[in-house]
Each structure stands twice: as structure tokens, then as C-alpha cells.
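See below for the structure under consideration.
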Amino acid sequence: MRTFALLPFAAVSCFAWEAEVDSALLQDDQCVGGESDCTLNALQLRGSKELMEDDVFEDVEEEEGDEEELEWLKDISVKQKNHFKHLLSPLQKPIVTEYKSLSVLDKYAEYVMSKVENATGQKIMWNKKASLMQTDDEELNEELDSSSTTGRRRHGSQSLPPRARYVNKILIYLEKEMKAVWNLHTIVDRKRWGVGDVITSSPYGPHGEHPDNWEPNGTFPLPLVTPPLSDNKTAPKMPKVHEHEYKSKYAEQLQEDYVALVQNIIDANKKTDKLRAALKSMNGFADQFTSEESGVFNRIETQ
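28 is the number that the working numbering gives to position 28 of the sequence shown; each next residue is one higher, with no gaps.
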């Protein structure tokens, strides 16, 4: 995957820049459609390059036309465009940090699954489909829509005037990264549910009601190292919404989408905290389940 790069604005027109962004977004779609590591590498790479830093998005001096336009069709001003740019610049860092936090939880979920698989000798089918990253996974998209309570449908870029379209492109890019965050959140939560389903549906213990007849369905090594539940280095600082009223139609639309994006980031952080606590509880259920004698009825309600 190639790094998302912007040529100096002094040398490239706004329209050429937009074509470059469109190309990057298309390639991003191809990457998200592959392995989950591809998405993580993309997020970390863009985070390390600080895509939204001020030295990348330099202020652009654009001449405003002297033509009189209808008020509701006017483009946002250069000042408003630069204002939105500076509001959006800091938002990528908490998004990338959130993804890293979920990556830590994903390893912990794998650890809990491995303990139960080792005890039962059965693979936990937490997801019947081959990959959650497939573009035709409608079930996942539905879960993402329900998880992200503040998500908004993007305005069509081609219907926006140049400066509003510039800001809209940045919003689209950040929202694509938030979709990757919710994707990983869904994967981790499904693994947690998968563990819980196995424990609750096995009231006679790991080897069933008749342990003498038990046979493993594979080899599942017992994990020897307990991974951390959190990484203190990735504790995100949540953004705050900057309220502003505009007379321009397009500025109002962009403000609404900016507010929704900030709320989406905050919502994701809160749900990650809840998921972390739920995984910790599930690990306790797993320890109880694997330590009890098989053949004795003792249902453990995990959900």
C-alpha cells in the first residue's frame, strides 16, 4: 500500500490535489478489503507521518471571485476552509490511538479463546464467515452502523463547490479510518461472545457430561503468557467539539459532519473501555470453566 502523500499546494491546484486524494481513497478501499494487518499498518503509517499536521495542510491563498452568487449556493470562504482544516488536523491522532488500543484487546481476546480451546479440545467458531474484512460482508456493515451511533452519511463530493469539497475530502478520509476502528471493535467483541457461548453451552464442563468418552478435535496449546489489557502509552486524549454558527449552507453541513465525527471518536473510546471490562470478566469465567471438574452440572452464565 502506498503512503497517502500530498504535493505542495504552491505547485498543485486544488483540483489536482482532489484527484490525488480520490486515488488514495480508492487504494485504501482495496487495502481495507484485505487482511486486518493491512488496515493497522495503514493507520499506524498515517499516524506516524501525521497526515493532518499543519506542515502538510498548508494554508492556501485563494482568490475569491467578485461575482455575486445566490447566498445558499456560495462556497465557504478561505478563512472558513482553513478554520475547518485546523479543527480536523488533531483528530487523526486519537483515531489511530483507538485502533492501537483495540489491537491490544484483540490479542487478549485471542488469549482467552486459546485457554478455552485448550480445555475443550474444540475450535471456537466465533465467526462463521472466512473474513470480516470482505467488502460483501453485509452483516458486519449492519453491526458497524448499529455500533457507531453518531455516524453520518457523507455528502457527495462532486456536488460541493471547491473549498467545501476540499474539507469534505478530509472528513471522508477520517471517517474511513473510524470505520476501520469500528470494524476491529466488532471483531474483538465477536470473539468475546464466542468464548461466552462455549462456556454457557457446556454446563458439564470442558469435557462434557461423559468425560470418559471425551476426545479432542485438535491440538490447542495452552497460552503461557498473559497479554496486557491496555497499553498506557496509547491512552488517548479525547477531542472537544468547537461549536460555531455559519450563514453559509455548506459551512453548516461541514460543521454538522465535524461534530458528528468528534462524537463518533468519543463514543468509540467509551465502548472500548466497556469492551475491556467485559473481556476481563470473560477471562474470569474462562478460568472458572477450565478449572472445574467435567461431568458435574454447573452452568456458567457469561452474558
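The C-beta atom is built at its ideal place from N, Cα and C for all residues, glycine as well. Remember, it's a predicted structure, so these values are computed and weren't measured experimentally.
- Taking C-beta separations shorter than 6 angstroms and ignoring five residues to either side along the sequence, the partners of glycine 194 in its chain run Ile124 and Trp126, following chain order.
- The residues Lys100, Ser101 and Val104, in chain order, have a CB closer than 8 angstroms to that of aspartate 231 in the same chain once the five nearest residues on each side in sequence are set aside.
- The criterion of a C-beta distance shorter than 9 angstroms is satisfied by glycine 196 and phenylalanine 285.
- Residue state for tryptophan 182 is assigned as helix, using DSSP reduced to three classes.
- Per DSSP, glutamine 303 is not a residue of any alpha helix (DSSP H), being assigned neither H nor E.
- Exposure of lysine 274 is indicated by the presence of fewer than 16 other C-beta atoms within 10 angstroms of its C-beta.
- The Cβ neighbour count for leucine 174, taken over all protein chains shown within 10 Å, is at least 16; the residue is labelled buried.
- A distance below 9 angstroms separates the beta carbons of glutamine 92 and glutamate 177.
- Using a Cβ-Cβ distance cut-off of 8 angstroms, the region 78-92 and the region 210-228 are not in contact, since fewer than three pairs of beta carbons, one from each stretch, lie closer than that value.
- Here DSSP, grouped into helix, strand and coil, assigns tryptophan 126 to coil.
- Closest by C-alpha distance to lysine 81, out of Gly295, Gln253 and Pro203, is Gln253.
- Counting along the chain, no alpha helix (DSSP H) covers valine 296, and no H or E run does either.
- When C-alpha distances from arginine 192 are compared across Asp106, Thr97 and Ala119, the shortest belongs to Asp106.
- For aspartate 257, the enclosing alpha helix (DSSP H) begins and ends at 249-291.
- Apart from sequence neighbours up to five positions away, the residues of its chain that approach alanine 109 with a beta-carbon distance below 7 angstroms are Val188, Lys191, Arg192 and Leu279, ordered along the chain.
- Take histidine 242, set aside five residues on each side of it, and the residues of its chain with a beta-carbon closer than 7 angstroms to its own are Leu87, in chain order.
- Arginine 163 sits buried, since 16 or more C-beta atoms from the chains shown fall within 10 Å of its C-beta.
- When DSSP states are grouped into helix, strand and coil, glycine 121 belongs to the coil group.
- The beta carbon of alanine 119 is closer than 6 angstroms to those of Pro206 and Thr290 in its chain, skipping five residues each way along the sequence.
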